[in-house]
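For reference, the structure discussed in these notes is given below.
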Amino acid sequence: MMSVRILPPAPVQKALDMLCAAGFEAYVVGGCVRDALRGAEPHDWDCTTNAKPDAICACFHEFHVIETGLQHGTVTVVIDRMPIEITTYRIDGVYADHRRPESVTFTDSLTDDLARRDFTVNAMAYHPEHGLIDPFHGTDDLRQKCIRCVGDPAARFNEDGLRILRALRFASVLDFTVHPDTENAVHTMKSLLQHISAERIDTELTKLLCGQAAERILVQFADVVFTVLHELKPMQGFDQRNPHHDYDVWTHTLKTVAAIPPEPVLRWAALLHDSGKPHCFTMDERGGHFYGHAEISAEIAVRALTAMKSDRRRLDRVVELVKAHDFVWNGTEKQIKRVVRRYGAEAAEQLLLLHMADVSAQAAAYRAERVAQAQQILETLHRLCAEEACMSLRQLAVNGRDLIAAGVPEGKAVGETLNRLLDAVMDGTLSNERSALLQSLPESPS
Ligand code: ATP
Ligand code: MG
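Under my numbering, the first residue of the sequence shown is numbered 76, with each subsequent residue one higher.
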């Protein structure tokens, strides 16, 4: 028994106790053990047991039980409002489609259950009285910060191609290396990803992109990324031949990804923002140019994210940011207000964060100055938002009904008038007060 101590939350402890009291074995398992051992707070606690699904249901008959995946042996029990997934020890059957087993067999052996799991750091179980069960030496790999397949990597990827991306995702999120044997298999078996559904690829890739080691993993496994996002490949090694850039397009892209906060919309926008560059390169005596690249990048973003079945709101926002990413900021309040008015405060901030990350990955000679300038613009934006400066029709002290009551004819004149008033308020020529706004209206004809 390893002398480690994990303290599951009370509802999880209760689930373990109830299963044990009914005569079964029960452990917390997988991600929660990994995270607890590395000192991070697990975001959910999964349990594994030799109780069969109907016995689990019977054991928790006083609780709300959701039959999450009964044929795979998974039920979710809600204890004190905490949902806990409990899965019967199982062995996966034959993988016919490189995605999921055709059948699963329940087993009485915890070790067999751990053996079907993807990586050694994910294949540990723990019970407060029995301690840590770690037959594949996950603790060693955790200590060495290493993602390593349980068993033969090629065989494991062949069973389920998604594990290829999961390996990269965990390495990026945890800032781990990929064990050399696992790494080799990732490179040689990457074409298996073609069997994996777009949604599952999107989920793993998004987590990878938001991981703390995203840049390193994307450099090391660019070939894997290009397998699922072939539109990105032309960026690799594409020399920009321009004094504003020290890096080829792909290297610049990855540095931009690393420099932007780890949120899905921002990281995807950073990944795609220059994807159009290789398609519009021209040269003159000043060097290389990429006129119109933002538009082409936006088209590529639509294609890539649609193929990925990305959710619509994320797609729309990423495309909007990519299309506008080379907007030239001059730093005036007037300009910032106009950007907020056009895109909304949230998207305006994202656009600035993209700009800041983008310039931070440009030539060293310009970097510091441009990042500082972007930082200042961001501060102004935050101040304007905090002051509730009027930057949208919603904030205007009059609305359409007020205008109609004041004699503006119903129809498009109302919208036009509101916009004109907003322009004047934003430019500072009118104050955002009801009386001032209404007085500024032309006398109605009647
Ligand atoms: P997180 O939830 O933080 O993303 P996790 O390790 O809990 O990480 P899940 O996807 O929730 O990951 O899976 C739970 C556990 O199930 C994993 O720790 C692993 O043991 C096992 N597992 C999940 N997916 C696979 C897979 N494709 N192949 C083999 N085992 C898997
Ligand atoms: Mg999990």
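All C-beta atoms in this analysis are idealised placements derived from N, C-alpha and C, irrespective of residue type, glycine included.
- Proximity of the segment 241-249 to the segment 292-307 meets the contact definition, three or more beta-carbon pairs being nearer than 8 Å.
- Every residue whose beta carbon comes nearer than 5 Å to a heavy atom of the ligand ATP appears here in chain order: G105, G106, R192, D193, N197 and D235.
- Under the DSSP definition of a beta bridge, A200 partners with V104 and I208.
- Restricting attention to A447, H305, A423 and Y441, the CA atom closest to the CA of R378 is found in H305.
- Around the CB of H139, fewer than 16 other CB atoms lie within 10 Å, so the residue is classed as exposed.
- Between the segment 207-218 and the segment 232-239, the count of Cβ pairs shorter than 8 Å is below three; the stretches do not touch.
- Across the structure, L516 and A399 are spaced so that their CA atoms are roughly 34 Å apart.
- When secondary structure is reduced to three states using DSSP, G486 falls in the coil class, being assigned neither helix nor strand.
- Remark: fewer than three beta-carbon pairs, one from each stretch, lie closer than 8 Å, so the segment 354-372 and the segment 468-479 are not flagged as touching.
- DSSP places V225 in the coil class of the three-state scheme, outside both helix and strand.
- Looking only at Q146, I131 and I159, the smallest Cα-Cα distance to V103 is reached by I159.
- Contact between the segment 433-441 and the segment 383-398 is absent: fewer than three C-beta pairs spanning the two stretches fall below 8 Å.
- Secondary structure of R442 (DSSP, three-state): helix.
- Under the DSSP assignment, C132 falls in the alpha helix (DSSP H) whose first and last residues are P128 to C134.
- Excluding the 5 residues flanking it on each side, N197 has same chain C-beta neighbours closer than 7 Å at G105, G106 and R109, in chain order.
- R241 carries a helical assignment under DSSP once its states are collapsed to helix, strand and coil.
- Under the 10 Å beta carbon count, Y164 is surrounded by 16 or more other beta carbons and is classified as buried.
- Per DSSP, the continuous alpha helix (DSSP H) segment holding M264 begins and ends at P255 to M264.
- At least one heavy atom of the ligand MG falls within 7 Å of the beta-carbon of D119.
- Counting along the chain, the unbroken alpha helix (DSSP H) around C95 starts and ends at A85 to A96.
- M431 sits in a helix when the DSSP states are folded into three classes.
- If you draw a straight line from the Cα of E518 to the Cα of G503, it is about 22 Å long.
- For the 8 Å CB-CB criterion, V225 and F194 form a contact.
- Here the C-alpha atom of L513 lies approximately 18 Å from the C-alpha atom of G486.
- Residue nearest to C95 within the set V332, E370 and N125 is N125 (criterion: CA-CA distance).
- Out of V153, A440, M501 and Q425, the CA that lies nearest to the CA of P336 is found in Q425.
- A distance below 8 Å separates the beta carbons of T182 and I166.
- Under the three-state reduction of DSSP output, M383 falls in the coil class, being neither helix nor strand.
- According to DSSP, H147 shares a beta bridge with no other residue.
- Two segments are said to touch when three or more pairs of C-beta atoms, one from each, lie closer than 8 Å; by this definition the segment 331-349 touches the segment 278-295.
- Boundaries for R165: no alpha helix (DSSP H) harbours it, while the beta strand (DSSP E) harbouring it runs R165 to D167, taken from the DSSP string.
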